[in-house]
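The structure under discussion appears below in the form of C-alpha cells.
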Amino acid sequence: MISNPSLRKERSPPSQTEVYVRNLPSNVDSNGLKSLFQTYGPVIDVRIPMTGDQKCRGLAFVEFEKEEHAKASLALNSKEFEGCVLNVSLSRNNRVQNEDTINERERKKKFKRKQEEFRKSDKQSKTVAFTKLPENTTEENIREMLSQDEAISKITMIPHDRCAHVEFKHIMDAGKAVLRFNNYKLNDTIISAAARSDLPSTLTEFAVQSDKPTNKMIPRRLMVPSNKIGIKRKSGAGSKS
Numbered sequence: 025m026i027s028n029p030s031l032r033k034e035r036s037p038p039s040q041t042e043v044y045v046r047n048l049p050s051n052v053d054s055n056g057l058k059s060l061f062q063t064y065g066p067v068i069d070v071r072i073p074m075t076g077d078q079k080c081r082g083l084a085f086v087e088f089e090k091e092e093h094a095k096a097s098l099a100l101n102s103k104e105f106e107g108c109v110l111n112v113s114l115s116r117n118n119r120v121q122n123e124d125t126i127n128e129r130e131r132k133k134k135f136k137r138k139q140e141e142f143r144k145s146d147k148q149s150k151t152v153a154f155t156k157l158p159e160n161t162t163e164e165n166i167r168e169m170l171s172q173d174e175a176i177s178k179i180t181m182i183p184h185d186r187c188a189h190v191e192f193k194h195i196m197d198a199g200k201a202v203l204r205f206n207n208y209k210l211n212d213t214i215i216s217a218a219a220r221s222d223l224p225s226t227l228t229e230f231a232v233q234s235d236k237p238t239n240k241m242i243p244r245r246l247m248v249p250s251n252k253i254g255i256k257r258k259s260g261a262g263s264k265s
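Residues 25 to 265 in our numbering are what the sequence shown lists, from first letter to last.
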C-alpha cells in the first residue's frame, strides 16, 4: 500500500524531559543533584559521567517525568551550587552527541598515552645500562670501549652507582652492545650490560639479581645473526674474559 504524502502527518518533536547540566564540582553525586532538581518535579534518572578515579567530569544529565518540569528546572541556570555556577539547558536529544564527544576525548587520551608508552619503550629498548663499572669510569672510557661503528645518541654517567646509560640510535646496535659487553672485562673489572627495557625497576634490584647465576635468555628483539655482530674495538679498550 502506497501512502498518500498529503495525508502524512508531521512528526511532533521529541519530548524534552532531560536537561544537560555543566560546570559541576568534581565531588558531586547523583543524590545531591536529584535533591537539587526534584524541587521542580519528579526526577526519573540522574546520570553523571565519571573519570577513571571516580570523580565527576563536570557534567550530568537529569531526566524528569514531564517536559514542563524539565523546563522549570532551567531556573537553576547561572545559579551557584557548591561553589560552582551551573550551566543548565534542555538536552534536546544531545545525550548521544555529548557521549560521543566524551568518548572521543577518552579515545584521544588513550591514543596519546599509548604513543607515549611506545616512545618510552622504544627509547628504553635502544638504551643499554652498563653496570658494575670500575671506579672513576668516565664517558670517554665508555666511548673508547664501544665500537665507532655503533651510532650513539647520548651517554649518561651515574658515578655513585658505577653505572652508565648509553642510548643508541638504532635498536640493533643496542642489541649488539648487550651481546658483546655483558660479562666483559674492563680494566680488570667484569661489567654487566642489559637493555633498559629488560631491567628491574631499580638499579639496586638489578645489582642483586645480576650477582645470581641465571639462565635468562636475551630478548628476541635484541638477537642479531652472529655473522653481523662484529668485534671491532680500539686497542686498550679491554678484552673479553
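Where a beta carbon is used, it is the ideal one built from N, C-alpha and C, also for glycine.
Distance, T75 Cα to N127 Cα: In the sequence shown, the residue the question calls residue 127 occupies position 103. In the sequence shown, the residue the question calls residue 75 occupies position 51. In a straight line, the C-alpha of N127 is about 11 Å away from that of T75.
Within the continuous alpha helix (DSSP H) that includes D197, where are the two ends? Here residue 197 corresponds to residue number 173 of the sequence shown, with the count starting at 1. That run of the alpha helix (DSSP H) goes 195–205.
Considering only the alpha carbon of each residue, which of K136, K133, Y208 lies closest to I166? As a first step, residue 166 is located in the sequence shown; it is residue number 142 there, counting from the start. With distances taken between CA atoms, I166 lies nearest to Y208 out of K136, K133, Y208.
Rounded to the nearest angstrom, what separates A201 and I214 at their Cα positions? As a working note, residue 201 is residue 177 in the sequence shown. As a working note, residue 214 is residue 190 in the sequence shown. If you take the alpha carbons of A201 and I214, they lie about 15 Å apart.
On a Cα-Cα basis, can you pick out the residue from S171, A175, E164 that is closest to M181? As a working note, residue 181 is residue 157 in the sequence shown. That would be E164, whose Cα lies nearest to the Cα of M181.
For A94, which residues does DSSP report across the bridge? By 1-based counting over the sequence shown, the position of residue 94 is 70. In DSSP, A94 forms no bridge with anything.
Are the CB atoms of T155 and R187 within a distance shorter than 7 Å? One-based indexing of the sequence shown puts residue 187 at position 163. One-based indexing of the sequence shown puts residue 155 at position 131. In the sequence under discussion, the amino acid at residue 187 is Cys, which differs from the Arg named in the question. Yes, the pair counts as a contact, with Cβ atoms nearer than the cut-off.
From which residue to which residue does the alpha helix (DSSP H) around L57 run? Within the sequence shown, numbered from 1, the residue matching residue 57 stands at position 33. Note, L57: alpha helix (DSSP H), 54–61.
Specify the secondary structure class of R46 as computed by DSSP and reduced to three states. Residue mapping note: residue 46 aligns to position 22 of the sequence shown, counting from 1. Strand.
Return the residue from the list A153, E191, G82 that minimises the CA-CA distance to F13. One cannot answer for residue 13 here, as it falls past the ends of the chain, which runs 25 to 265.
By the 10 Å Cβ neighbour count, where 16 or more other Cβ atoms means buried, how is F85 classified, buried or exposed? Position 61 of the sequence shown, counting from 1, holds the residue named residue 85. F85 comes out buried.
For L98 versus V109, is the C-beta spacing smaller than 7 Å? Within the sequence shown, residue 98 is the residue found at index 74, counting from 1. Within the sequence shown, residue 109 is the residue found at index 85, counting from 1. Cβ distance not < 7 Å, so L98 and V109 don't count as in contact.
By how many angstroms is the C-alpha of P158 removed from the C-alpha of N211? Residue 211 sits at position 187 when you count from the first residue of the sequence shown. Residue 158 sits at position 134 when you count from the first residue of the sequence shown. If I take the Cα positions, the gap works out to 7 Å.
Taking I176 as the reference, give the member of A198, P49, N51, K58 with the closest Cα. In the sequence shown, the residue the question calls residue 176 occupies position 152. Closest option to I176, Cα to Cα, is A198.
Just mark F135 as buried or exposed, buried being the case when its beta carbon has 16 or more other beta carbons within 10 Å. Stepping through the sequence shown from its first residue, residue 135 is reached at position 111. By the neighbour-count rule (16 or more Cβ atoms within 10 Å), F135 is not buried but exposed.
Straight-line CA distance for V43 to L100? Position 19 of the sequence shown, counting from 1, holds the residue named residue 43. Position 76 of the sequence shown, counting from 1, holds the residue named residue 100. So the alpha carbons of these two residues sit roughly 11 Å apart.
S149 beta carbon less than 7 Å from that of A219: Start at 1 with the first residue of the sequence shown, and residue 219 comes out as number 195. Start at 1 with the first residue of the sequence shown, and residue 149 comes out as number 125. Against a cut-off of 7 Å, the Cβ pair of S149 and A219 comes out as a contact.
With burial defined as no fewer than 16 other Cβ atoms inside 10 Å of the residue's Cβ, what is the status of H319: buried or exposed? This structure cannot settle anything about residue 319, because the visible part of the chain is limited to 25 through 265.
Can you check DSSP and say which residues form a bridge with A188? What you label residue 188 is simply residue 164 of the sequence shown in a count that begins at 1. F154, M181.
Bounding residues of the alpha helix (DSSP H) (the contiguous stretch that carries I166): Working through the sequence shown from its first residue, we reach residue 166 at position 142. First-last of the alpha helix (DSSP H) with I166: 163–169.
Have a look at E191 and S171 and give me their C-alpha separation to the nearest angstrom. For this step, residue 191 is matched to residue 167 along the sequence shown. For this step, residue 171 is matched to residue 147 along the sequence shown. Approximately 14 Å, taken between the alpha carbons.
What residue range does the beta strand (DSSP E) around E87 cover? Within the sequence shown, residue 87 is the residue found at index 63, counting from 1. Unbroken beta strand (DSSP E) run through E87: 83–88.
Which of helix, strand or coil DSSP assigns to L110: Here residue 110 corresponds to residue number 86 of the sequence shown, with the count starting at 1. In this structure, L110 counts as coil in the three-state DSSP scheme.
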